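Novice: Quick note on the working numbering: the sequence shown kicks off at 90 and runs consecutively.
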Amino acid sequence: MRKEHSKQPVAMTLLFAAACVISALAIVHSKHESRKLFVELERLTAEGDKLNIEWGQLQIEQSTWAAHGRIERVALEELSLSRPQSTEIFVIERP
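#1: Verify whether the separation of the beta carbon atoms of ARG159 and THR153 is less than 9 Å.
#2: Work out the CA separation of ALA164 and VAL180 for me, nearest whole Å.
#3: For MET90, does the three-state DSSP call read helix, strand or coil?
#4: Could you spell out the range, first to last residue, of the alpha helix (DSSP H) harbouring ILE160?
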């Protein structure tokens with residue numbers, strides 16, 4: 090009867106040791122995943138910043154191309170368009 094009683098602490102010790110090892114492995118895995126996700130977050134944040142800068146540059150470029158002075162210059166110089174005389178302008182009203 091004494092032998093059965095002495096096996097119980099050994100079994101419990103092995104059980105707790107296995108639980109500790111499994112817990113330690115789970116912590117290591119969790120920490121590794123956390124670091125991988127943090128690196129991915131930083132990469133995506135940097136990419137978002139880069140895209141925001143590019144978007145700002147594109148908005149500046151669009152406003153430059155759409156400036157009234159530039160449009161008028163292109164119409165006059167490149168397309169040979171001219172302003173109509175006041176006698177050539179007709180206003181049509183809806184009935």
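Think of the CB as a built atom: it goes at the ideal place given N, C-alpha and C, for glycine as much as any other residue. Bear in mind the structure is a predicted one, so any value in this text is a computation, not a measurement.
Specialist: Let's see:
#1: Locating residue 159 in the sequence shown gives position 70, where the first residue counts as 1. Locating residue 153 in the sequence shown gives position 64, where the first residue counts as 1. For ARG159 and THR153, yes; Cβs fall inside 9 Å.
#2: As a position in the sequence shown, residue 180 is number 91, starting the count at 1. As a position in the sequence shown, residue 164 is number 75, starting the count at 1. The alpha-carbon atoms of VAL180 and ALA164 are separated by roughly 23 Å.
#3: Mapped onto the sequence shown, residue 90 falls at position 1. Note that MET90 scores 46 on pLDDT, short of 50, meaning its location in the model is unreliable and no value can be drawn from it.
#4: On the sequence shown, residue 160 is found 71 positions in, with the first residue counted as 1. Here the alpha helix (DSSP H) through ILE160 covers 157 to 162.
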